[in-house]
Structures are given as C-alpha cells and as structure tokens.
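Convert by adding 285 to the 1-based position in the sequence shown; the result is the number in my numbering. Virtual Cβ for every residue (Gly too), placed ideally from N, Cα, C. Only one structure is covered here, and it is reproduced in the block below.
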Amino acid sequence: MARSKGTASRKTHPGLPAKKALDLVDVFLFLADARIPLTSVRLAEPYLSKRRRIYVLTKPDLADPEATSEWTEFFASQGSPAFAVNCKRGDGLSGLLRHLKAMKAEIDAKKPSVLLHRPLRIMLFGPPNVGKSSLANRLLGTTKAPFGAKPGLTRSSNWLKGRGFLEILDTPGVVDTSLVKGEAQLKLAAAWAIPENRYDPEEVARYLVEKVAPTGKEEYLEEYGRARGFIREGGAVDIERTCKTFIQDFREGRLGRFTLEAPGELGG
Ligand SMILES: Nc1nc2c(ncn2[C@@H]2O[C@H](COP(=O)(O)OP(=O)(O)OP(=O)(O)O)[C@@H](O)[C@H]2O)c(=O)[nH]1
Ligand SMILES: [Mg+2]
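Written out as structure tokens, the structure reads:
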C-alpha cells in the first residue's frame, strides 16, 4: 500500500484507458468509500501504476468521522495525501482543490515558458459507485459526467474539460468485483459497489446487523421487519423485503454513520 516509484506491472481491464493515455496523467486520484477504505484500496491497487497518487475518501457523511480521520492520517503517514470529500455536496472539496492547484504551480514552475503551461491532468479511479463522476463534476463545476445511485453507470473512460485548471479522466468502476468473495463481497454489497443480482440480501443484512447492532438479538431483523409492517399473509415477517430495506437504510445513513474497517486491520 505504501507509495513507491515506477510503473510496476498493472492489470489491464477493457474499461481502463490504454497505457499511452495513462502516460498523460499527472496525478491519480484513488477514490475509496470511507466506509470500506481497505476493501476499496485492495481491489483497486493491482490495476493502478504506483505513480503520484492522492487518496479521496468518499461518502464521509455516511462513515464514522473519527475513523475517517484515522484513515486520512494513515494514508498521509504512507506518503500519499488524503482528503475526505463529500462528492455529492462538496464538503471537503476546497482542501483537495488547494492541493491540486499547488501541484499545478509546482509543475508549471519547472517549465521554461508560460506558453508550455497546460491544465493539470488527473485520473479518477476506484470501485463502482464510489463517487468518481460526482467528484469530476464537482471539480469542474459541471454536470457533464453522468452519475447516479447504481454501480456501473460510467461505461468507458472519458476526458472531461472545463474552464478551470483541470482536465479529468473519469473512468468506469473497472475493479473486477465478480471475483470477490467472502467478507469483502459482503462489504462491497453493503456499500452498493456490486449490483443487486450478485449477492444474497439476507447474508448481507445479517452481516450488517453484527456491525451496526453488535448486541442485537438473533431476531433483530425479524423485529425490524415487523416494526415496518413487512408481514406476509399468515403473519410471518417478509424477510427478503426486510433485508433489502435494512441494507438500503444502511446505505443511506438512516441507521447512523458506520465504518466497517479500520487501518489497524491492514496487517490481515
Ligand atoms: N451520501 C453521499 N453520496 C454520494 C457521495 N458521492 C457520491 N454519492 C452518490 O453516490 C452515487 C454514485 O455516484 P457516481 O458519481 O455515479 O459514482 P461513480 O463512482 O462514478 O459510479 P460508476 O460510474 O457506476 O462506477 C450517486 O447517487 C451519488 O449522488 C458522497 O460523498 N456522499
Ligand atoms: Mg461514474
């Protein structure tokens, strides 16, 4: 995870731009969902060359604020700047913009003539649905990049330009989540980085109960469904509907702000 020099072997993916296009990039913005930074980073790491990178923790409004601070400090201690940015509302954007402007000034200062100055080229990279296109729009002050609450919305890599000092390569969620199994898959499902047909809602909901209500009883979900009136004919709780609603409530922060992994888990 530590930053290192060089362009070590990088996995390829049909949605990733060709190496030539990557050579144009001045800095990589590595987006990680603030609720699952470790899983986000582990998934994306093999696809990315290890050049200049900045970590952006997205959806901090849904994560535990203390854990988000721990994560940004952790990335900084590894030598990479890190910012928590709410890509939907823009909170935290100014710090990131200041940093990018300073990078551009540094690059410009090395050029022999102002005629050679050009926009800073950044590439956004990270798991599906993490907020890449939302961040592109925020940074450019446009709505050019299609965004939405569904993994896999951006289908190909696109350079986006605005009037400002940036050119942005928005990419699809190119991380291959189909191979992910076990707890990582449950976390990605909870954060909605994988589509609905690729996980079992009951398995994900039962996993989340352990995280958000660790002292919750075995019947926690049944009571949750009953309280919402999700009752089938005959009086039994509609567990599938309950689990889907519970997961949605987690995703939208209605259960509170939770981070599912801490920097201390990195050794594992
Ligand atoms: N609560 C919250 N929602 C966010 C934040 N950033 C993005 N979103 C929402 O997350 C969803 C996905 O945003 P996108 O920008 O389309 O994400 P993406 O990474 O481009 O997704 P793909 O192109 O599908 O890989 C949208 O509904 C956004 O409004 C954030 O910081 N907080
Ligand atoms: Mg997108």
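Assumed close pair residue i, residue j - CB separation to whole angstroms, cut-off 8 Å
| i | j | result |
| --- | --- | --- |
| Pro486 | Ile532 | 6 Å |
| Ala476 | Ile321 | 5 Å |
| Thr439 | Asp455 | 6 Å |
| Ala369 | Leu342 | 4 Å |
| Leu405 | Lys389 | 4 Å |
| Ala329 | Gly433 | The Cβ separation is near 21 Å, so there is no contact. |
| Gly458 | Leu425 | With 8 Å as the limit, Gly458 and Leu425 do not qualify as a contact, their Cβ atoms being about 20 Å apart. |
| Lys435 | Leu445 | At roughly 20 Å, the Cβ-Cβ gap does not stay under 8 Å, so Lys435 and Leu445 are not in contact. |
| Ala352 | Ala547 | 6 Å |
| Cys528 | Ala490 | 4 Å |
Cut-off 7 Å between Cβ atoms - residues of its own chain near residue i, not counting five sequence neighbours on either side
| i | result |
| --- | --- |
| Asp393 | His402 |
| Asp241 | The requested residue 241 is not part of the displayed model; the chain covers only 286 to 553. |
| Leu309 | Arg406 |
| Arg484 | Sequence inspection shows Tyr at residue 484; the Arg mentioned does not correspond to that position. Here the set comprises Gln470 and Ala474. |
| Glu550 | Leu323 |
| Gly380 | Phe368 |
| Leu451 | Leu385, Pro404, Leu405, Ile407, Leu424 and Leu425 |
| Leu378 | Val370 and Arg423 |
| Ser325 | Ala317, Asp318, Gly411, Pro412 and Val415 |
| Glu537 | none |
| Glu355 | Ala547 and Pro548 |
| Thr427 | Gly447 |
Beta-carbon proximity list for residue i, same chain, < 8 Å, skipping 5 on both sides
| i | result |
| --- | --- |
| Phe535 | Ala475, Leu493, Val497 and Phe543 |
| Glu525 | Pro486 and Glu487 |
| Leu420 | Leu314, Leu316, Val341, Thr343, Val370, Cys372 and Leu409 |
| Pro366 | Ile339, Tyr340, Phe360 and His384 |
| Leu382 | Leu424 |
| Asp523 | Gly510, Phe515, Ile516 and Arg517 |
| Pro431 | Ser418, Leu438 and Thr439 |
| Asp376 | Pro345, Asp346 and Val370 |
Outcome for residue i when other beta-carbon atoms lying within 10 angstroms are tallied against a minimum of 16
| i | result |
| --- | --- |
| Asn560 | Examination of residue 560 is not possible in this model, given that the chain is present from 286 through 553 alone. |
| Ala521 | exposed |
| Asn371 | buried |
| Val399 | exposed |
| Arg374 | exposed |
| Lys304 | exposed |
| Pro397 | exposed |
| Glu503 | exposed |
| Thr500 | exposed |
| Glu358 | exposed |
| Lys472 | buried |
| Leu464 | exposed |
| Ser442 | buried |
| Ser418 | buried |
| Gly578 | Examination of residue 578 is not possible in this model, given that the chain is present from 286 through 553 alone. |
| Gly510 | buried |
| Gly519 | exposed |
Sequence-distant residues of its chain with Cβ nearer than 6 Å to residue i (five each side left out)
| i | result |
| --- | --- |
| Asp346 | Asn371 |
| Thr344 | Residue identity differs from the one stated: residue 344 is Lys in this sequence, not Thr. Excluding residues within five positions, the ones whose Cβ falls inside 6 Å are Asp318 and Ala319. |
| Leu540 | Val497 and Asp534 |
| Arg337 | Val312 |
*Measuring from each Cβ to the nearest heavy atom of ligand 1, keep the ones under 6 Å and list them in chain order.*
The chain-ordered list of residues whose CB is nearer than 6 Å to some heavy atom of ligand 1 reads Thr343, Lys344, Asp346, Leu347, Asn371, Cys372, Lys373, Pro413, Asn414, Val415, Gly416, Lys417, Ser418, Ser419, Phe432, Gly433, Ala434, Pro436, Gly437, Leu438, Thr439, Pro457 and Gly458.
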